[in-house]
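Enquirer: Residue numbers (UniProt numbering), protein chains in the order written: chain A, 1 to 321; chain B, 1 to 287; chain C, 1 to 255. Where is the CB? At the ideal position from N, CA and C, for every residue including glycine. Handing you this structure, nothing more for now.
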Amino acid sequence: MEPRFPDPTSLGLLLAVAALPFVLPTVTLASEAVVFATGTLSCSLLLGGVGLLSFGQGLFLGAGAYASGLLLRDAGLGTAAAVLLSTLGAAALAGLVGFISVRRRGVYFVMLTLAFAQMGYFAVLAAGRVTGGENGLTGVPRPSLPGGLALDTPGAVYAVLAVLCLSAFFLAQRVLASPFGSVLAAIRENEARAEALGYGTRAFKVAAFALAGGIAGLAGAMHTLFLGFVPPNTIQLEMSERLIVMAIIGGAGSPAGAFVGALFFVVAAEFLAELWPRWLILIGLLLIAIVLFMPRGIWGAAQELLARRRAAAVPGLAADA
Amino acid sequence: MSAQLLLFQLLNGLGIGMIYFLLSVGLTMIFGLMGFVNFAHGAFYLVAAYAAYSVSLLTGSMLWALLLGPLAAGAVALASERLLLRRTYALPHEAQILVTFALSLILQETVILVFDPLSKNVPVPDFLSGIVFLGDFVYPAYRLAVVGVAAAVALAMWLALERTRFGAILRAGSESAEMVSLLGVDVGRVFMAAFALGGALAGLAGALAAPLRGVEPFMGLEALGVAFVVVVVGGIGSFAGALLGGLLIGVVQSVMSSLWPEGARLMIYAAMAFVLLARPAGLLGRA
Amino acid sequence: MPEPPPLLAAEGLGVRFGDFRALGGVSLRVRQGGIHSVIGPNGAGKTTLFNALTGARPPTEGAVTLAGREVTRMPAHRRARLGMSRSFQVTNLFAELAVRENLRLAVQAARGRSAWAFWHAPSRLPGVAEAVEGLLSLTGLAARADARAGSLPHGGQRALEIGMALASDPKLVLLDEPLAGMGVDDVARTKALIRGLAPARTVLLIEHNMGVVLDISDRITVLARGRVIAEGPPAAIRADPGVREAYLGSTGAAA
Chain A
1 MEPRFPDPTS
11 LGLLLAVAAL
21 PFVLPTVTLA
31 SEAVVFATGT
41 LSCSLLLGGV
51 GLLSFGQGLF
61 LGAGAYASGL
71 LLRDAGLGTA
81 AAVLLSTLGA
91 AALAGLVGFI
101 SVRRRGVYFV
111 MLTLAFAQMG
121 YFAVLAAGRV
131 TGGENGLTGV
141 PRPSLPGGLA
151 LDTPGAVYAV
161 LAVLCLSAFF
171 LAQRVLASPF
181 GSVLAAIREN
191 EARAEALGYG
201 TRAFKVAAFA
211 LAGGIAGLAG
221 AMHTLFLGFV
231 PPNTIQLEMS
241 ERLIVMAIIG
251 GAGSPAGAFV
261 GALFFVVAAE
271 FLAELWPRWL
281 ILIGLLLIAI
291 VLFMPRGIWG
301 AAQELLARRR
311 AAAVPGLAAD
321 A
Chain B
1 MSAQLLLFQL
11 LNGLGIGMIY
21 FLLSVGLTMI
31 FGLMGFVNFA
41 HGAFYLVAAY
51 AAYSVSLLTG
61 SMLWALLLGP
71 LAAGAVALAS
81 ERLLLRRTYA
91 LPHEAQILVT
101 FALSLILQET
111 VILVFDPLSK
121 NVPVPDFLSG
131 IVFLGDFVYP
141 AYRLAVVGVA
151 AAVALAMWLA
161 LERTRFGAIL
171 RAGSESAEMV
181 SLLGVDVGRV
191 FMAAFALGGA
201 LAGLAGALAA
211 PLRGVEPFMG
221 LEALGVAFVV
231 VVVGGIGSFA
241 GALLGGLLIG
251 VVQSVMSSLW
261 PEGARLMIYA
271 AMAFVLLARP
281 AGLLGRA
Chain C
1 MPEPPPLLAA
11 EGLGVRFGDF
21 RALGGVSLRV
31 RQGGIHSVIG
41 PNGAGKTTLF
51 NALTGARPPT
61 EGAVTLAGRE
71 VTRMPAHRRA
81 RLGMSRSFQV
91 TNLFAELAVR
101 ENLRLAVQAA
111 RGRSAWAFWH
121 APSRLPGVAE
131 AVEGLLSLTG
141 LAARADARAG
151 SLPHGGQRAL
161 EIGMALASDP
171 KLVLLDEPLA
181 GMGVDDVART
191 KALIRGLAPA
201 RTVLLIEHNM
211 GVVLDISDRI
221 TVLARGRVIA
231 EGPPAAIRAD
241 PGVREAYLGS
251 TGAAA
């Protein structure tokens, strides 16, 4: 079925984001969840929306994190301006990387995104005098928002992160349920056919890549606000991989899946990492199981279950489903 | 940069480049044969490097390490193919990528589980620990040996590709896997052999690299990135492309490490972007 | 009587795949408002010709002009904007999307930049919904509008394919074996549909069903082994001994 906006999951997301700090053991964990949900969204928007598997979203998340850190600390910008500028900057970077990468399709594209993600990390190391190299960017301030809202408590930080996260999700839902989004779906289903219809598919893919890069950059800026410093692992390949893992576990078919996947991963990390430091082995096994047996992820499986129940309850619908 | 230093770095680049070639050739071969991109390829390199480290620690012999490291990687590759990867041949590329990526994550975490996350030095074999005089030019013997070993392997591979039945199947398979199955060859066995061989070659790269760079758990991931650069630059599916790409990237990295040490590894990715803009199919790739 | 300039013209088109010459020096003039068919035995190069004409696989030699404009190297999607549209021989749909959405995407493609709108629902593009409904009834797919395109029976998928080719309201429609695999009822309906396209539109048709081709074409070009061996109105083609020989000699199957 074609996506709509707003749909019931829009409301669900709103409620979930509002409830998280009260449901999870700490507000910090809730903050981490919404930051990674936003980053994961950039992956699932590409994979679920356009059919592009990107191992490079960590590059844009990292770019957003470093840009916001430098703007806040060295350029003395306010929080709102820093977040906005680093989001746009990451989108521009993604537009450039996308322009080069979409020249190749399929597996070549995936390899290129991974290579560019590595490039970003080495660029940060090479520019160590600006970025702090291996030590990261420390001592990033959190200036008050316009209107005097101080970001001096975890709760206040969470409120800001929650608003940013929801904005990204609603934007993604809006875009997917638009003429532009329908072209992305057409490219995902059959790119050659979309091109034959007259769509300049490359331009659409670059635009989608820039949009997803902007969302990843926003997640990076949120990460900086959340931590108050920028560790180099925000731009390492592991970040890109983590975002992919979250997207696949949750299910890349819809933005809601990204939220579910990130929440699952962040909570699992919190509890499993204490029990067994090598818990990523379990995540690896889970990933394999999901790809082989549950390709639509946790959220996709839940939706199917729900649809089957509804169909069982209303016999007339079963025939069409 | 003096001529002396340039020569030194060119030779270094040759050595690194040959390691990159060994690392990438299996990846490109498996891709050519079955359109399969193996994200666990770097993990085979990692496994071999740690196996070499352990063997040299236990026996004190780096020679055994160089022998057993690739064997371990080949065995892991073979087991992965039998137990897991063959189930994904019929799935879309994205699923194959994700499964092999998950496998690499599992292997990497297992390495940390067995050892620890810290990096370790691996000794250069005693008999290669000295230096070699080339006229009035001095060069470490081990680095020269790396070039020699890798060149011998490359030559042997080339001969095998040209002269043996398995080589003929590989070459035919990289054109069209269907054709190979029409020839009455058991494609499943060819795939299995290609994985084992590709894994062992990546393993040889890992074992050779271990004394040069030490071992640490994330070296596999870094190697995967480098291997992608090599095949994108050289043209994926091409044996000669892997050699050319590997050498080019090795030399760029090595020469840059004298000019701009912090940016040396950055430049290999810049080189990739440059090649890609000029020749999207890679230097020796088919469009 | 001076002939009006052709809507589509090919001059000396050749296509090589390595050493194999799939098409050698084919010239073709498609007059405005007619139904022009290309026939020929299997492997004659018909689909290769289509691909060269539409830009899906540009020719290695020769030139293509569309409404007097040289388009030989123009990418497929830009030719589409000039009023050329095609259907595919191998059914080529958005199989996971609804029938209606397939048509809607095709209609939307013809609206140029409005497909870039990302701030409102697709249904808010003016005129699109009406055009989609029109195509649904034209193709007889109205009852299956909400089914997955991939779930349609073969004939339905072929009809959808034609519907999508018509969505841009093209001046020139290239139909690649639109009747292949259709049942008798579907053939009759589709034949009427194609005949009804001209003279408002120009149709270039590849088709194996010789009865239909001879019945509805204004002009027929016969290809064999990558070359034109005959061209003329149906009656002349029917009587041409060279055509008979090409068919009987190479495939042994008469039309």
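To the nearest angstrom, how far is it from the Cα of D186(C) to the Cα of L179(C)?
Expert: As a working note, residue 186(C) is residue 186 in the third sequence. As a working note, residue 179(C) is residue 179 in the third sequence. About 8 Å.
Enquirer: Can you tell me whether DSSP reads residue 265(C) as helix, strand or coil?
Expert: Absent from the structure is residue 265(C), since the part of chain C shown begins at 1 and ends at 255.
Enquirer: Check whether the Cβ atoms of L160(C) and L166(C) sit closer than 8 Å, and answer yes or no.
Expert: On the third sequence, position 160 is the one that residue 160(C) refers to. On the third sequence, position 166 is the one that residue 166(C) refers to. No, Cβ-Cβ distance for L160(C) and L166(C) is not below 8 Å.
Enquirer: Would A210(B) and A49(B) be called neighbours here (beta carbons separated by less than 8 Å)?
Expert: Along the second sequence, read from residue 1 onward, the residue named residue 210(B) stands at position 210. Along the second sequence, read from residue 1 onward, the residue named residue 49(B) stands at position 49. Going by C-beta atoms, A210(B) is nearer than 8 Å to A49(B).
Enquirer: Flag this pair as yes or no: are the beta carbons of P217(B) and Q96(B) separated by less than 8 Å?
Expert: Numbered from its first residue, the second sequence carries residue 217(B) at position 217. Numbered from its first residue, the second sequence carries residue 96(B) at position 96. Taking the C-beta atoms as reference points, Q96(B) is found no nearer than 8 Å to P217(B).
Enquirer: Residues of the stretch 181-197 of chain A in Cβ contact with chain C at a cutoff of 8 Å, in chain order, please.
Expert: G181, S182, V183, A185, A186, E189, N190, A192, R193, A194, E195, A196, L197
Enquirer: Would you say Y199(A) and T131(A) are within 8 Å of each other, going by their C-beta atoms?
Expert: Position 199 of the first sequence, counted from the start, is the residue given in the question as residue 199(A). Position 131 of the first sequence, counted from the start, is the residue given in the question as residue 131(A). Cβ distance not < 8 Å, so Y199(A) and T131(A) don't count as in contact.
Enquirer: Run through the stretch 156-193 of chain C for me and flag every whole beta strand (DSSP E) of 3 or more residues, listed as ranges in chain order.
Expert: Counting only unbroken stretches of 3 or more residues, the beta strand (DSSP E) elements lying wholly within the stretch 156-193 of chain C are 172-176, in sequence order.
Enquirer: Take G163(C) and list the residues in its own chain whose beta-carbon comes closer than 6 Å to its own, dropping the five residues that flank it on each side.
Expert: Counted from its first residue, the third sequence places residue 163(C) at position 163. Contacts found: L103, L135, T139.
Enquirer: Give me the Cα-Cα distance between G33(C) and R201(C), rounded to the nearest whole angstrom.
Expert: One-based indexing of the third sequence puts residue 33(C) at position 33. One-based indexing of the third sequence puts residue 201(C) at position 201. Whole-angstrom Cα-Cα distance: 5 Å.
Enquirer: Show which residues of chain C have a CB atom less than 8 Å away from the CB atom of V175(A).
Expert: Position 175 of the first sequence, counted from the start, is the residue given in the question as residue 175(A). Ordered by position in chain C, the residues that pass the 8 Å Cβ test against V175(A) are F118.
Enquirer: What is the rounded straight-line gap between the Cα of G39(A) and the Cα of N38(B)?
Expert: Position 39 of the first sequence, counted from the start, is the residue given in the question as residue 39(A). Position 38 of the second sequence, counted from the start, is the residue given in the question as residue 38(B). Rounded to whole angstroms, G39(A) to N38(B) spans 25 Å at the Cα level.
Enquirer: So, helix, strand or coil for P140(B), using DSSP?
Expert: Numbered from its first residue, the second sequence carries residue 140(B) at position 140. It is a strand residue.
Enquirer: Would L277(B) count as contacting chain A if we go by Cβ distances under 8 Å?
Expert: Numbered from 1 along the second sequence, position 277 holds the residue referred to as residue 277(B). True, the Cβ-Cβ gap to chain A drops below 8 Å.
Enquirer: What are the boundary residues of the beta strand (DSSP E) that I131(B) is part of?
Expert: Reading the second sequence from its first residue, position 131 is the one you call residue 131(B). Note, I131(B): beta strand (DSSP E), 131-134.
Enquirer: Residues in the same chain with beta-carbon distance under 8 Å from T59(B), minus the five sequence neighbours each way, listed in chain order, please.
Expert: Against the second sequence, residue 59(B) aligns to sequence position 59. Cβ neighbours of T59(B) beyond the five flanking positions: A65.
Enquirer: I'd like to know whether the C-beta atoms of A82(A) and L71(A) end up nearer to each other than 8 Å.
Expert: Position 82 of the first sequence, counted from the first residue, corresponds to residue 82(A). Position 71 of the first sequence, counted from the first residue, corresponds to residue 71(A). Yes, the pair counts as a contact, with Cβ atoms nearer than the cut-off.
Enquirer: From the DSSP output, in three-state form, read off E130(C) for me.
Expert: Looking up residue 130(C) in the third sequence gives position 130. In the structure shown, the three-state DSSP call for E130(C) is helix.
Enquirer: Any Cβ of chain C within less than 8 Å of the Cβ of P6(A)?
Expert: Taking the first sequence and counting its residues from 1, the one referred to as residue 6(A) is at position 6. Not one chain C Cβ lies under 8 Å of P6(A).
Enquirer: Leaving out five residues before and five after L171(A) in sequence, what residues of the same chain have Cβ atoms less than 6 Å from its Cβ?
Expert: What you label residue 171(A) is simply residue 171 of the first sequence in a count that begins at 1. Within the same chain, L171(A) has no close Cβ partners at all.
Enquirer: Are there 16 or more other CB atoms within 10 angstroms of the CB of N121(B), so buried, or fewer, so exposed?
Expert: The residue labelled residue 121(B) in the question sits at position 121 within the second sequence. Looking at its Cβ environment, which holds fewer than 16 other Cβ atoms inside 10 Å, N121(B) is exposed.
Enquirer: Going by the beta-carbon positions, is the gap between G133(A) and L125(A) smaller than 8 Å?
Expert: In the first sequence, counting from the first residue as 1, residue 133(A) sits at position 133. In the first sequence, counting from the first residue as 1, residue 125(A) sits at position 125. Cβ distance < 8 Å, so G133(A) and L125(A) count as in contact.
Enquirer: Closest to P234(C) by C-alpha separation, out of S114(C), A95(C), G226(C), H36(C), would be which residue?
Expert: Here residue 234(C) refers to the residue found at position 234 of the third sequence. Residue H36(C) is the option with its Cα nearest to P234(C).
Enquirer: For G232(C), which residues does DSSP report across the bridge?
Expert: Within the third sequence, numbered from 1, the residue matching residue 232(C) stands at position 232. DSSP lists I220(C) as partners of G232(C).
Enquirer: Quick check on this structure: which residue in S257(B), A79(B), G69(B) has the alpha carbon closest to the alpha carbon of A205(B)?
Expert: For this step, residue 205(B) is matched to residue 205 along the second sequence. Among S257(B), A79(B), G69(B), the Cα nearest to that of A205(B) belongs to G69(B).
Enquirer: Mind listing the chain A neighbours of L98(B)? Cutoff is C-beta to C-beta under 7 Å, in chain order.
Expert: One-based indexing of the second sequence puts residue 98(B) at position 98. Neighbours of L98(B) in chain A, taken as residues whose beta carbon is under 7 Å from its own, are I248, L287, V291 in chain order.
Enquirer: For the alpha helix (DSSP H) containing residue 261(C), name the first residue and the last one.
Expert: Beyond the ends of chain C as shown, which are 1 and 255, falls residue 261(C); an answer cannot be given.
Enquirer: Compute the beta-carbon to beta-carbon distance between A145(C) and V107(C), rounded to the nearest angstrom, for a pair I have assumed lies under 8 Å.
Expert: For the purposes of this step, residue 145(C) is taken as residue 145 along the third sequence, with counting starting at 1. For the purposes of this step, residue 107(C) is taken as residue 107 along the third sequence, with counting starting at 1. At roughly 13 Å, the Cβ-Cβ gap does not stay under 8 Å, so A145(C) and V107(C) are not in contact.
Enquirer: Should M18(B) and V147(B) be called a contact, given that it needs their Cβ atoms to be closer than 8 Å?
Expert: Against the second sequence, residue 18(B) aligns to sequence position 18. Against the second sequence, residue 147(B) aligns to sequence position 147. In this structure, V147(B) lies closer than 8 Å to M18(B) by Cβ.
Enquirer: Can you name, in chain order, every residue of its own chain whose Cβ lies under 6 Å from the Cβ of P199(C), other than the five neighbours on each side?
Expert: Your numbering for residue 199(C) matches position 199 in the third sequence. So the list reads G33, once near-sequence residues are dropped.
Enquirer: Kindly indicate if chain A contains any beta-carbon less than 8 Å away from that of M272(B).
Expert: As a position in the second sequence, residue 272(B) is number 272, starting the count at 1. Answer yes: the Cβ-Cβ gap between M272(B) and chain A drops below 8 Å somewhere.
Enquirer: Helix, strand or coil for A172(B) per DSSP?
Expert: Sequence index remark: in the second sequence, residue 172(B) carries index 172 (1-based). Three-state result, A172(B): helix.
Enquirer: Could you confirm whether any beta carbon from chain A is found closer than 8 Å to the beta carbon of residue 264(C)?
Expert: Residue 264(C) lies beyond the residue range present for chain C, which begins at 1 and ends at 255; the question has no answer from this structure.
Enquirer: Under the rule that 16 or more other beta-carbon atoms within 10 Å means buried, what is S137(C), buried or exposed?
Expert: Within the third sequence, numbered from 1, the residue matching residue 137(C) stands at position 137. Exposed, since its Cβ has fewer than 16 Cβ neighbours within 10 Å.
Enquirer: When you compare the CB of D320(A) with every CB in chain B, is at least one pair closer than 8 Å?
Expert: As a first step, residue 320(A) is located in the first sequence; it is residue number 320 there, counting from the start. Per-residue confidence for D320(A) stands at a pLDDT of 45, beneath the threshold of 50, marking its modelled position as unreliable; no derived number is given.
Enquirer: Kindly identify the DSSP beta-bridge partner or partners of P36(C).
Expert: For the purposes of this step, residue 36(C) is taken as residue 36 along the third sequence, with counting starting at 1. The residue you asked about is not Pro; residue 36(C) is His in the sequence shown. Looking at the DSSP assignment, H36(C) forms a beta bridge with L204(C), R219(C).
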